[in-house]
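J.: Can you read through this structure? Questions will come right after.
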Ligand code: NAD
């Protein structure tokens, strides 16, 4: 028996990086995984994997999220992973950048939870909602992460508030706060800085453990929070940052 046997696990941004690693880890632990992403081409890599069904979904499209939620018969775990990293300080961040990041990183979590919570409550069997935050948030001031940190701080607050409101339904809400994880978008951010090798060294230098995280290491934490092993854990933010914030 896997640690998530019999559970239905819905997640966003499963096409690459942390989301993909979580989809694979959850399926390995026996969950029925419904892996969504805006990018259907990326989802192809998960097609045919035992225990995984894929579905194209843009989490910023309210009507699509509503239709998708209606199509899901049962859900036990919701992992809201989608997010975008804007690079820049306050004066580099336009109003458009601000709105884009808040729409994708925060409002999508509001929309997903609005649509799936009634189902979780009606089922009456509790559940686990895990939201992707970051250590670059209310936890640690980080250069060039103005709007990003603001969105991830909002996720920590939103998660705590939902945890307080819905604890009576035995639905647990926690957020995950990674440091730097080696994912395709991180590699793109390094390349965008002009000198990718220097950018890589700078990212590694800020992790006390002296290396970046692998997506599978974040997936291990998400599987724990999804499973009944964490049945007494709610309303918390889980820092997994190689010692960056210690
Ligand atoms: P990534 O940025 O490499 O990939 C993001 C995925 O999200 C892609 O598959 C993309 O197609 C999908 N996506 C983009 N817009 C979407 C939308 N509107 N609807 C649905 N899917 C959409 O992935 P990552 O680096 O693993 O980041 C995943 C999450 O983890 C993000 O919320 C990010 O902020 C957070 N995070 C990442 C790091 C890191 O260092 N990589 C650190 C802390 C937190």
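In full-length UniProt numbering, the protein residues as written are 1 to 246.
Backbone N, C-alpha and C fix where the C-beta goes; we use that ideal spot for every residue, glycine too.
Because the structure is a prediction, the values reported are computed rather than measured.
1) Excluding five sequence neighbours on each side, which residues of the same chain lie with their C-beta closer than 6 Å to the C-beta of residue 129?
2) Counting only runs of 4+ residues fully inside the stretch 47 to 110, write out the alpha helix (DSSP H) ranges in chain order.
3) Is it the case that the Cβ atoms of residue 175 and residue 238 are separated by a distance below 9 Å?
4) Just to confirm my understanding: we take residue 218, look at its own chain, exclude 5 residues before and 5 after, and list those with CB closer than 8 Å. What are they?
5) When the distance is taken between beta carbons, is residue 226 closer than 9 Å to residue 9?
6) Here's the rule: buried if 16 or more other CB atoms are within 10 angstroms of the residue's CB, otherwise exposed. What is residue 211?
7) Is the beta carbon of residue 103 closer than 9 Å to that of residue 155?
8) Cutting at 8 Å between CB atoms, please list the residues of its own chain near residue 93, excluding the five before and the five after it.
9) With a CB to CB cut of under 7 Å and the five nearest residues on each side skipped, what residues in its chain are close to residue 52?
10) Leaving out five residues before and five after residue 142 in sequence, what residues of the same chain have Cβ atoms less than 7 Å from its Cβ?
11) Between which two residues does the alpha helix (DSSP H) containing residue 130 stretch?
12) Please state whether DSSP places residue 232 in a helix, a strand or coil.
13) Is any non-hydrogen atom of the ligand NAD found closer than 8 Å to the C-beta of residue 181, if you look at the structure I gave you?
14) For residue 166, which of 14, 30 and 235 has the nearest alpha-carbon?
15) From the DSSP secondary-structure annotation, give me the bridge partner or partners of residue 3.
16) Under the rule that 16 or more other beta-carbon atoms within 10 Å means buried, what is residue 108, buried or exposed?
17) Please classify residue 90 as buried or exposed, where buried requires at least 16 other C-beta atoms within 10 Å of its C-beta.
T.: Per the coordinate set shown:
1) If you number the chain shown from 1, residue 129 lands on position 129. Result list for residue 129: 78 and 173, in chain order.
2) 62 to 71 and 95 to 101
3) In the chain shown, residue 175 corresponds to position 175, counting from 1. In the chain shown, residue 238 corresponds to position 238, counting from 1. Yes.
4) Here residue 218 corresponds to residue number 218 of the chain shown, with the count starting at 1. Within the same chain, residue 218 has close Cβ partners 18, 21, 22, 176, 178, 181 and 240.
5) The count along the chain shown starts at 1 and reaches residue 9 at position 9. The count along the chain shown starts at 1 and reaches residue 226 at position 226. Yes.
6) By one-based count along the chain shown, residue 211 stands at place 211. A residue is called buried once 16 or more other Cβ atoms fall within 10 Å of its Cβ, and residue 211, having fewer, is exposed.
7) Working through the chain shown from its first residue, we reach residue 155 at position 155. Working through the chain shown from its first residue, we reach residue 103 at position 103. No. Outside cutoff.
8) Here residue 93 corresponds to residue number 93 of the chain shown, with the count starting at 1. Counting only Cβ-Cβ distances below 8 Å, and skipping sequence neighbours, we find 86, 146 and 147.
9) Translated into positions along the chain shown, residue 52 becomes position 52. Cβ neighbours of residue 52 beyond the five flanking positions: 23, 27, 33, 35 and 46.
10) In the chain shown, counting from the first residue as 1, residue 142 sits at position 142. Cβ neighbours of residue 142 beyond the five flanking positions: 136 and 149.
11) Locating residue 130 in the chain shown gives position 130, where the first residue counts as 1. Note, residue 130: premise wrong, no alpha helix (DSSP H); beta strand (DSSP E) at 127 to 132.
12) Reading the chain shown from its first residue, position 232 is the one you call residue 232. Of the three classes helix, strand and coil, the one that applies to residue 232 here is coil, per DSSP.
13) As a working note, residue 181 is residue 181 in the chain shown. Answer for residue 181: yes, Cβ within range of the ligand NAD.
14) The residue you call residue 166 lines up with position 166 of the chain shown. It is 235.
15) Looking up residue 3 in the chain shown gives position 3. BP columns for residue 3 are empty, so no partner.
16) Counting from one through the chain shown, the residue named residue 108 turns up at place 108. Counting Cβ neighbours within 10 Å, residue 108 comes out buried, since at least 16 surround it.
17) To locate residue 90, count along the chain shown from 1; it is residue 90. Counting Cβ neighbours within 10 Å, residue 90 comes out exposed, since fewer than 16 surround it.
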